[in-house]
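Those sequence lines, one after another, are chains R and Z. Numbering of the first sequence is given in the working numbering, commencing with residue 6 and proceeding in unit increments. Numbering of the second sequence is given in the working numbering, commencing with residue 6 and proceeding in unit increments. For every residue, glycine included, the Cβ atom is placed at its ideal position computed from N, Cα and C. Given the structure is predicted, the values throughout are model-derived calculations rather than measurements.
Protein chains: 2
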Amino acid sequence: MSTARPALKARDTRTLALRAATELMQRRGFHGFTFHDVAAMLGVSHVAIHYHFETKVRLVEAAVAAYCERFAMDLAAIEHAHTNPEKQLQAYVALFAGAASDQRLCLCGVLAAEMVTLPEELRSAVRSFYKQNEAWLVRVIAKATRKRARSARVQQLARGLLDLLEGAMVSERLLDNPSRITGAARWWISSLRYA
Amino acid sequence: MSTARPALKARDTRTLALRAATELMQRRGFHGFTFHDVAAMLGVSHVAIHYHFETKVRLVEAAVAAYCERFAMDLAAIEHAHTNPEKQLQAYVALFAGAASDQRLCLCGVLAAEMVTLPEELRSAVRSFYKQNEAWLVRVIAKATRKRARSARVQQLARGLLDLLEGAMVSERLLDNPSRITGAARWWISSLRYA
DNA sequence: GCGGAACTACTTACATGTAGGTAAGTATGA
DNA sequence: TCATACTTACCTACATGTAAGTAGTTCCGC
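In structure tokens:
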């Protein structure tokens with residue numbers, strides 16, 4: 006009797022598992038999802054996930070890496086689509102608002118909140134995400150404010166916007182305030198002219 | 006032979022358990038601490054905690070309630086200590102910066118990030134915390150900007166500051182940027198004059 | 001002011017569920 | 001025939017929670 010399921014390409018299960026894990030974590034955090042949850046979403050046994058990822062940490066590592074890569078592509082796409090730095094910031098904000106409108110948080114934002122309970126490999130991946138975003142924001146905000154990218158003020162503004170967005174994602178979902186992120190960010194961006 | 010430990014007053018263990026649970030959650034989140042962790046901090050068995058709190062959820066409920074109460078007292082103390090609304094906002098920011106300097110997050114901020122995995126009793130307690138803070142900030146920001154407290158702009162500013170602080174707590178710890186919260190907040194408060 | 005009942009605040013031992021992970025076997029396609 | 005991508009069955013660790021027992025404390029009638 007046939008027990009194995011009709012052949013999916015390996016890449017399918019691997020990729021789908023990564024996607025499922027990412028989505029589950031964005032909603033529930035690292036400690037809020039299990040191998041079984043991922044497997045159930047694909048209709049396979051949890052051991053099928055182990056076949057592609059030795060451990061939960063390796064699965065999450067791969068999910069974070071893919072997430073960061075996709076984010077980097079989004080950032081590049083924004084720079085390609087707009088030349089005006091304010092428009093670029095608005096498009097950046099829309100990235101966060103988009104996930105939030107689907108009740109998902111920033112993957113690295115959730116993991117950052119759980120930081121102390123994560124193994125070091127994951128922590129440093131999350132740190133890179135933040136640094137990658139800060140560096141991009143520094144470039145764009147420097148253009149928008151006509152200040153030097155190295156200035157402490159620009160650095161601080163970049164960190165502030167990132168923190169505002171990460172914080173707003175959490176509370177937009179908690180309190181069901183649909184335009185919380187865009188509302189706060191719009192004011193924030195318009196205040197830049199007084200920086 | 007004596008197995009029971011030298012008598013502590015009931016209130017001691019109850020209060021200490023609450024304190025321990027709060028601190029553990031601020032560092033590790035709801036899913037990042039166990040009854041055993043709490044018990045170990047007090048040098049008792051985990052069943053001693055069950056004696057005072059039927060379930061983990063009840064323990065956390067009580068911890069959140071105490072946290073909100075303490076926060077409300079802090080807010081009242083700030084209003085008593087300062088009349089200038091900008092000073093009040095600075096003192097408010099210092100509340101968050103103080104916890105962060107001890108590597109602790111806002112209890113309700115962590116729980117908000119874990120929201121989907123929490124039982125409804127806890128979710129609504131966390132929501133009240135946010136609303137309590139927003140309402141207080143609305144009052145103070147209205148004074149600072151000489152706008153009506155009901156105006157949508159003041160509402161939005163209040164939400165923005167709260168979100169900024171919650172987000173900055175997470176990243177200050179993640180990236181070990183000691184003055185991240187105060188730095189971002191100082192700029193934010195000074196921008197209020199252009200609101 | 002004394003013996004005992006009842007209460008408080010624990011203890012050890014145990015039950016249960018579930019998550020992560022392993023071992024060994026099997027269907028499918030190259 | 002071999003590798004790939006699974007399957008079922010199993011193991012271990014540990015978290016929540018329960019059962020039953022015990023050491024001190026308090027209260028109460030006599």
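Other residues of its chain near residue i: CB distance less than 7 Å, five sequence neighbours each side excluded
i, result
"Val145 of chain R", "Pro90, Gln93 and Leu94"
"Arg128 of chain Z", "Met120"
"Met46 of chain Z", "Ala25"
"Val143 of chain Z", "Ala154, Val159, Gln160 and Ala163"
"Lys201 of chain R", "An answer regarding residue 201 of chain R cannot be provided, because it is not within the stretch 6 to 200 covered by chain R."
"Arg191 of chain R", "none"
"Lys61 of chain R", "Phe40"
"Glu74 of chain R", "none"
Reduced DSSP secondary structure (H/G/I, E/B, other) of residue i
i, result
"Ser184 of chain Z", "coil"
"Tyr138 of chain Z", "Reading off the sequence, residue 138 of chain Z comes out as Asn, not Tyr. Reduced to three states, the DSSP call for Asn138 of chain Z is helix."
"Arg198 of chain Z", "helix"
"Leu110 of chain R", "coil"
"Phe35 of chain R", "helix"
"Phe58 of chain Z", "coil"
"Thr8 of chain Z", "At Thr8 of chain Z, the pLDDT of 34 sits below 50, so the modelled position is not reliable; the number obtained from the coordinates is stated separately. If DSSP states are grouped into helix, strand and coil, Thr8 of chain Z belongs with coil."
"Pro124 of chain Z", "coil"
"Gln95 of chain Z", "helix"
"Lys152 of chain R", "coil"
"Glu119 of chain R", "coil"
"Thr27 of chain R", "helix"
"Gly48 of chain R", "coil"
"His85 of chain Z", "helix"
Given residue i as reference, the closest of the options once Cα atoms are compared
i, options, result
"Val98 of chain Z", "Z:Gly188, Z:Val121, Z:Leu29 and Z:Ala200", "Z:Gly188"
"Pro124 of chain Z", "Z:Ile83, Z:Val65, Z:Arg24 and Z:His57", "Z:Val65"
"Arg178 of chain R", "Z:Phe38, Z:Val52 and Z:Arg132", "Z:Arg132"
"Ala149 of chain Z", "Z:Ala163, Z:Val49 and Z:Ser50", "Z:Ala163"
"Leu169 of chain R", "Z:Arg19, Z:Ser184 and Z:Trp193", "Z:Trp193"
"Val52 of chain R", "R:Arg19, R:Thr122 and R:Asn138", "R:Arg19"
"Arg33 of chain Z", "R:Thr122, R:Ser196 and R:Leu197", "R:Thr122"
6 Å Cβ shell around residue i - same chain, five flanking residues per side excluded
i, result
"Ile54 of chain R", "Ala22, Phe40, Val43 and Ala44"
"Ala12 of chain R", "Bear in mind that the predicted position of Ala12 of chain R carries a pLDDT of just 43, short of 50, making it unreliable; the figure below should be weighed with that in mind. No residues qualify anywhere along the chain."
"Phe58 of chain Z", "Leu64"
"Ala130 of chain R", "Val69"
"Leu80 of chain Z", "Trp141"
Own chain, CB closer than 8 Å to residue i, minus 5 neighbours either side, in chain order
i, result
"Thr27 of chain Z", "Ala68, Ala71, Tyr72 and Leu112"
"Met174 of chain R", "Phe101, Ala104, Ala105, Leu110, Cys111, Gly114 and Ile186"
"Asp17 of chain R", "none"
"Asp107 of chain Z", "none"
"Leu29 of chain Z", "Gly37, Phe38, Asp42, Val43 and Met46"
"Pro183 of chain Z", "Ser106 and Glu177"
"Ala96 of chain Z", "Ile83, Ala86 and His87"
"Ser50 of chain Z", "Ala44"
"Gln31 of chain R", "Ala104, Arg109, Leu110, Cys111, Leu112 and Val115"
8 Å contact criterion, which residue i and residue j should meet: CB distance rounded
i, j, result
"Ala140 of chain R", "Val159 of chain R", "No, Ala140 of chain R and Val159 of chain R are not in contact; Cβ-Cβ is about 11 Å, not under 8 Å."
"Leu180 of chain Z", "Tyr135 of chain R", "6 Å"
"Ala118 of chain R", "Ala118 of chain Z", "4 Å"
"Glu126 of chain Z", "Ser176 of chain R", "About 19 Å separates the two Cβ atoms, so there is no contact after all."
"Cys137 of chain Z", "Ala86 of chain Z", "The sequence given here has Gln at residue 137 of chain Z, not Cys. Not a contact, Cβ separation roughly 19 Å."
"Leu166 of chain R", "Phe35 of chain R", "About 25 Å separates the two Cβ atoms, so there is no contact after all."
"Ser196 of chain Z", "Ser156 of chain R", "Incorrect: roughly 17 Å between the Cβ atoms, too far for contact."
For this session: Please list the residues of the region 161 to 172 of chain R that have a C-beta atom closer than 8 Å to any C-beta atom in chain Z, keeping them in chain order.
Result: Gln161, Leu162, Arg164, Gly165, Leu167, Asp168, Leu169, Leu170, Glu171 and Gly172
- Interface positions of the region 127 to 146 of chain R facing chain Z (Cβ-Cβ less than 9 Å), listed along the chain: Of all residues in the region 127 to 146 of chain R, Arg128, Val131, Arg132, Tyr135, Lys136 and Glu139 have a Cβ within less than 9 Å of some Cβ in chain Z.
Proximal residues, the region 173 to 192 of chain Z versus chain R, C-beta separation under 8 Å
Ala173, Val175, Ser176, Arg178, Leu179, Leu180, Asn182, Arg185, Gly188, Ala189 and Trp192
Margin query: Any C-beta of chain R within less than 8 Å: which residues of the region 46 to 69 of chain Z qualify?
Written below: So the list is empty, because no residue satisfies the distance condition.
What residues in the region 11 to 45 of chain Z bring their beta carbon closer than 8 Å to a beta carbon of chain R? Arg32, Arg33, Gly34, His36 and Gly37
The region 111 to 123 of chain Z: positions lying closer than 8 Å to chain R by Cβ
Gly114, Val115, Ala117, Ala118, Glu119, Met120, Val121 and Thr122
Any C-beta of chain R within less than 9 Å: which residues of the region 94 to 111 of chain Z qualify? Gln108 and Leu110
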